[in-house]
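Sequences listed follow chains A and B, in order.
So for the first sequence, my numbering puts the first residue at 368; every next one is plus one.
So for the second sequence, my numbering puts the first residue at 1224; every next one is plus one.
See structure below.
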Amino acid sequence: MVPFVRGGAEELCDHLVRNLRLTPGVEAEAMRLPFTWDPAEGLVDEMLIARTLELRNVDRLIPLKFPAYLARHPNKVLWLLHQYRQAYDLFDAGQSNIGPDARGNALRGMIRAADDQAFRESRRIFTLSPTGADRLRRYNGFGAEILPQPLNDPELFTGGEAEGYVLASGRVGLGKRQYLLVRAMRHAPGLRLVIAGPPDRPEDADELRRLAAAEGVEDRLTLDLRFLPRAELARLVNHATAVAYLPFDEDSVGYVTMEAFHAGKPVLSTMDAGGVLEIVRDGETGAVCESTPEALGAALSALAADPARAARLGRNARASLDARGITWPATVEKLLA
Amino acid sequence: MKIGLVSSAAPLINGGARFIVDWLREKLEERGHQVETVYVPNTDDPDTVLQQMAAFRMVRLEDYFERVIAFRPPAHVVRHPRKVVWFIHHIRIFYDLWDTPYRPVPDCAPQRALRAAVMRADTAALREAHSVFANSRVVADRLRRFNGVESEVLYPPVLRPELFVPGDYGDEIVCVCRMEDHKRQRLLVEAMRHARAPVRLRLCGAGTNADYVRSLRRAAAEGGVADRVAIEDRWITEEEKAAHLRNALASAYVPFDEDSYGYPTIEAAHARRPTVTVSDSGGVLEFVEDGATGLVAEPDPASVAAAFDRLHADRALARRLGANASERIGELGLDWDTVVEKLLA
Chain A
368 MVPFVRGGAE
378 ELCDHLVRNL
388 RLTPGVEAEA
398 MRLPFTWDPA
408 EGLVDEMLIA
418 RTLELRNVDR
428 LIPLKFPAYL
438 ARHPNKVLWL
448 LHQYRQAYDL
458 FDAGQSNIGP
468 DARGNALRGM
478 IRAADDQAFR
488 ESRRIFTLSP
498 TGADRLRRYN
508 GFGAEILPQP
518 LNDPELFTGG
528 EAEGYVLASG
538 RVGLGKRQYL
548 LVRAMRHAPG
558 LRLVIAGPPD
568 RPEDADELRR
578 LAAAEGVEDR
588 LTLDLRFLPR
598 AELARLVNHA
608 TAVAYLPFDE
618 DSVGYVTMEA
628 FHAGKPVLST
638 MDAGGVLEIV
648 RDGETGAVCE
658 STPEALGAAL
668 SALAADPARA
678 ARLGRNARAS
688 LDARGITWPA
698 TVEKLLA
Chain B
1224 MKIGLVSSAA
1234 PLINGGARFI
1244 VDWLREKLEE
1254 RGHQVETVYV
1264 PNTDDPDTVL
1274 QQMAAFRMVR
1284 LEDYFERVIA
1294 FRPPAHVVRH
1304 PRKVVWFIHH
1314 IRIFYDLWDT
1324 PYRPVPDCAP
1334 QRALRAAVMR
1344 ADTAALREAH
1354 SVFANSRVVA
1364 DRLRRFNGVE
1374 SEVLYPPVLR
1384 PELFVPGDYG
1394 DEIVCVCRME
1404 DHKRQRLLVE
1414 AMRHARAPVR
1424 LRLCGAGTNA
1434 DYVRSLRRAA
1444 AEGGVADRVA
1454 IEDRWITEEE
1464 KAAHLRNALA
1474 SAYVPFDEDS
1484 YGYPTIEAAH
1494 ARRPTVTVSD
1504 SGGVLEFVED
1514 GATGLVAEPD
1524 PASVAAAFDR
1534 LHADRALARR
1544 LGANASERIG
1554 ELGLDWDTVV
1564 EKLLA
């Protein structure tokens, strides 16, 4: 862990512990050590620390990240959220703090050897997504089962009366392409759009505001650019007509999709959205179109013009989410099997 | 200030060593500091003690924290330019327990070398600290004697003293602490057989040793006092603890040679209850003075029973000792403002 930083992995860890504790006969505790990766040579120390520590008094160890999964335990079930990607795919992509020289190669060799050892001694290995499993097979030659993260607080996303707006929730940034939705608005006359979520950088928020003014759609666009408390977010989702989510080549289905589907809302996405398309299907559980303002405008208009159809797609969406059966109790059961 | 609280812990084991960390965190955050707690897993297995110390030593903290406060060993060996150690005990098997039956290894050359290595590492880690506090006089004395390190005694306060509201003085003696052999609940159960007054005994606390708890129940049954001895072998909440103490006659806390006065003593004092302890309880005697803030009996059942009887016969005494104990807390500066100020100085 990185002190004072909270993200999806920390949320997942907390909810995992909470749900393990809800299981009869299970006691659970999370233990997290500060991790540093700069300079890269320090990674050897980081690995050694994880390998040296003594974890007694637990019947099962569920490590989530590098280098924690190097910890020794006779009954280790790995839910692999992160390898040190800069030693693997990010190195290949030229985005690594490990140099392409002899020292770097030796370091990557050590990481690879330590990882392989940890994977060999794990009783089972799960990854969050097919992408993670592919990476593990490609670089380390180990198979994994897919265990996606469940929605943490489904009880908030109850659904409700549609109030005639389309919601774009989730982090706000270039990769999530909210700007495409703003540019689509001129092709969807009368459409009301709400963009709600924390901007990755202050510039991302400024950019959207400027774009809204340039497109002349400010009167139909609400920008609520901050980290929303869960209850507030849920209220926005529950009363939307539909939810729009257009990440580029996402690894997984994404929390935004799960929240919308649980609330019985159809999701508008694009053909290049990656993992989202596992459950967002055009005309069944939402709408999928080209990632152009024109195509998005048409799709937004169609959803807004026929609330009854949107509601029907939303009911399908909820049914398809339920059919996936990805809940915390089912997840905990797999990790304890 | 960005502050890291670093301690060691066995997974899933709760106790005073975690309270001091978790409660300090709460108090630091109340005062506007950013705090992250790091519990590093460990065991006190002598075979791996040096490796574990080395691992603690390697954890990189200086990039993240402006100050690090280290607690349970071997957390005190971490590196940080502004490391404050609030020392709560040594790995005692290498220190004061070496010449006792509690030493788990033979007194042979390799083990003596290991002991010397641990001591050297401890001393070096303490010498480099920005400041060193001990949680009791006993621990401060050991730091001086074994490591030649001077420390200031900084007593840990309880989290929410306002929870402990005093009521009447009834006929129940309450003992809240982990159910472990060295906490000697056994002595209290046996004392009940000797007590002439109709006192009752309540033992509360979680334990790791089911045999010990069974032996307590058996002792109560064999002594014919099972109807007057309540045993709750589980973790109880602060609220439950306060409720038990509220109308108790006294609190009893009789560990063997404890390092510090212990939270049970202070909780009782906040509830204006006297503490019954015994003459070999160690740090408890820093707070419990016979006839002033409690009663100090000999570590045998008849003597402990006599203390019970005396308090039962003289509620005015129980009330007076309880009031004195409550005042003593103020005299010792046992409050969070004092603690936070010293740790961040």
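Note that CB positions come from ideal geometry on N, CA and C, so glycine has one too.
Only a predicted model underlies this, so the values are computations on that prediction, with no experimental measurement involved.
Keeping to the same chain, check which residues put their C-beta closer than 8 Å to that of C380/A; ignore five residues upstream and five downstream. A397, R399, L431
Write down the C-beta distance between Q730/A and D482/A rounded to the nearest angstrom, noting that I regard them as a contact closer than 8 Å. The shown model of chain A, from 368 to 704, leaves out residue 730/A, and the question about it has no answer.
Using CA atoms only, rank isn't needed, just tell me which of L437/A, F493/A, F458/A is closest to L445/A. F493/A
Can you check which of these residues, L1472/B, F1279/B, T1271/B, is closest to D412/A by C-alpha distance? F1279/B
Contacts that V1282/B makes with chain A (C-beta to C-beta distance below 8 Å): L400, P401, I416
Just checking my contact of L716/A with S658/A at CB under 8 Å: how many whole Å lie between their CB atoms? Since the first and last residues shown for chain A are 368 and 704, residue 716/A lies out of range.
From what residue to what residue does the beta strand (DSSP E) around A609/A run? 609 to 611
Could you pull out every unbroken beta strand (DSSP E) segment of at least 3 residues lying fully inside the region 1408 to 1454 of chain B, listed in chain order? 1423 to 1427
Of all the options L1251/B, P1234/B, I1489/B, which has the alpha carbon lying nearest to the alpha carbon of K1565/B? L1251/B
Mapping the DSSP letters down to three states, classify I369/A as helix, strand or coil. Reading off the sequence shown, one finds Val at residue 369/A, where the question assumed Ile. In the structure shown, V369/A sits in coil (DSSP, three-state: anything other than H, G, I, E or B).
First through last residue of the beta strand (DSSP E) which encompasses A1475/B: 1473 to 1475
Got a sec: is the Cβ-Cβ distance from D567/A to anything in chain B below 7 Å? no
Return the CA-CA distance between L387/A and Y1318/B, expressed in angstroms with no decimal places. 39 Å
Ordered list of beta strand (DSSP E) runs contained in the region 472 to 503 of chain A, each at least 3 residues: 491 to 494
When you compare each of S1230/B, R1367/B, P1234/B, V1412/B to R1248/B by their alpha carbons, which one comes out closest? S1230/B
I1396/B and A1473/B: beta carbons closer than 7 Å? yes
In the DSSP output, what is P434/A paired with across the bridge? Paired residues: none, contrary to the question.
Which first and last residues belong to the beta strand (DSSP E) in which P517/A is found? Run containing P517/A: none; DSSP gives neither H nor E here.
Just to make sure I have the definition right: I need the residues of chain A whose C-beta is within less than 7 Å of the C-beta of P1264/B. Which are they? M398, L420, E421, L422
Can you name the start and end residues of the alpha helix (DSSP H) that T1561/B belongs to? 1559 to 1566
Taking only beta-carbon positions, decide if Q1334/B is within less than 7 Å of chain A. no
Just to confirm before moving on: does the CB-CB distance between V1291/B and H1299/B stay below 7 Å? no
Inspect the CB distances between the region 530 to 544 of chain A and the region 606 to 624 of chain A and report whether three or more fall short of 8 Å. yes
Counting only Cβ pairs nearer than 9 Å, list the residues of chain A close to Y1287/B. V369, P370, F371, P401, T403
Using only the alpha-carbon positions, how far apart do R553/A and A669/A sit? 14 Å
Below-7 Å beta-carbon distance, V393/A vs any chain B residue: no
Local Cβ density within 10 Å of N1432/B, reported as buried at 16 or more and exposed below that: exposed
Which same chain residues, not among the five before or five after Y1484/B, have their C-beta less than 7 Å away from its C-beta? S1359, G1506, V1507, E1509, F1510
Please classify M638/A as buried or exposed, where buried requires at least 16 other C-beta atoms within 10 Å of its C-beta. exposed
Whole-Å CB distance - L667/A paired with A500/A, under 8 Å assumed: Not quite, the Cβ-Cβ distance comes to about 34 Å (not below 8 Å), so this is no contact.
Opposing strand residues paired with S1230/B [DSSP bridges]: Y1262/B
Chain D residues whose Cβ lies nearer than 8 Å to that of G409/A: Protein chains in the displayed structure are A and B, and chain D is not among them.
What residues are listed by DSSP as bridge partners for Q1257/B? K1225/B
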